[in-house]
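Here's the structure we're looking at; comments come further down.
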Amino acid sequence: MSARDFSKAGETFIDYNGKINQIVYSIMTPLGYQVYVSAQRLQHLEKHPVAARHKNHVPHILNNPDVVTPNPDDRETHIFYKSFYGKLLLAVPVHLKDELRFAATMYDTEYIKGIKQKLLLPSEFLYLRGGFKWKQWK
30 MSARDFSKAG ETFIDYNGKI NQIVYSIMTP LGYQVYVSAQ RLQHLEKHPV AARHKNHVPH
90 ILNNPDVVTP NPDDRETHIF YKSFYGKLLL AVPVHLKDEL RFAATMYDTE YIKGIKQKLL
150 LPSEFLYLRG GFKWKQWK
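Position one of the sequence shown corresponds to residue 30 (my numbering), numbered consecutively onward.
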């Protein structure tokens with residue numbers, strides 16, 4: 030499991046909805062920045078059955094993604110994707126607000142957002158794990 034950093038646990042930030050969030054831990058990503066995971070966002074995952082079953086994977090997805098892309102709808106948001114067993118693709122969108130990046134939610138998906146619609150080119154991937162067969166998810 031990926032190393033969680035609890036040094037900012039208990040600190041708060043305001044998310045993109047204007048709501049106060051309390052940091053539980055942060056994870057260093059291969060893009061070189063920390064992503065903060067809050068109690069409120071973890072609680073939000075409970076509303077989504079697949080996300081609730083896999084919420085313990087959030088640190089691993091952020092620290093060891095298969096691919097990271099900008100969100101074609103908001104390029105400052107990065108989406109971290111991880112394939113499990115070649116059948117399940119989980120996505121964790123990471124938003125930027127006031128110089129802080131935080132995990133917003135997690136969902137299962139059948140494709141990498143924006144590829145099929147040609148809103149995102151493979152050359153725009155921010156990170157691609159060697160050997161990951163991303164074309165299966167387009």
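The C-beta atom is built at its ideal place from N, Cα and C for all residues, glycine as well.
For the beta strand (DSSP E) containing residue i, name the first residue and the last one.
i	result
His77	Neither: His77 is in no beta strand (DSSP E) and is coded neither H nor E.
Pro88	Pro88 -> not in any beta strand (DSSP E); alpha helix (DSSP H) instead, spanning Val87 to Asn92.
Leu155	Neither: Leu155 is in no beta strand (DSSP E) and is coded neither H nor E.
Gln51	Ile49 to Met57
Glu105	Asp103 to Phe113
Ala221	Since the displayed the chain opens at 30 and closes at 167, residue 221 lies outside it and no answer follows.
Relative to the alpha-carbon of residue i, which residue among the options has its alpha-carbon at the smallest distance?
i	options	result
Leu149	Val66, Pro59, Leu71 and Asp102	Asp102
Tyr54	Pro94, Gln63, Gly159 and Lys48	Gln63
Gln51	Tyr45, Tyr65 and Leu60	Tyr65
Leu60	Leu118, Ile108 and Phe42	Ile108
Leu71	Tyr110, Thr134 and Glu105	Thr134
His86	Val97, Tyr110 and Glu105	Tyr110
Phe35	Ile49, Ile56, Phe42 and Asn46	Ile56
Asn100	Lys147, Thr41, Glu40 and Lys48	Lys147
Leu125	Ile141, Leu117 and Asp44	Asp44
Lys37	Ser31, Ala68 and Gly47	Ala68
Val79	Val121, Lys142 and Gly39	Val121
Ala32	Thr58, Gly47, Lys48 and Phe42	Thr58
His77	Leu119, Trp163 and Lys145	Leu119
Ala81	Tyr136, Asp95, Asp127 and Glu128	Tyr136
Arg104	Glu153, Leu117, Val96 and Gly47	Glu153
Leu117	Phe131, Glu40 and Asp95	Asp95
Go ahead and pull the three-state DSSP assignment for residue i.
i	result
Lys167	coil
Arg33	coil
Gln146	coil
Leu60	coil
Lys84	helix
Ala68	helix
Tyr136	strand
Asn100	strand
Phe131	strand
Compute the minimum distance between the beta carbon of residue i and the heavy atoms of the ligand ZN, and state whether it is under 8 Å.
i	result
Ala68	Of ligands this structure carries none, so the ligand ZN is not represented either.
For this session: Decide yes or no for the touch test of the segment 153-161 against the segment 84-91: beta carbon pairs closer than 8 Å, at least 3 of them.
Result: Taking 8 Å as the limit for Cβ pairs, the verdict is that the segment 84-91 does not touch the segment 153-161.
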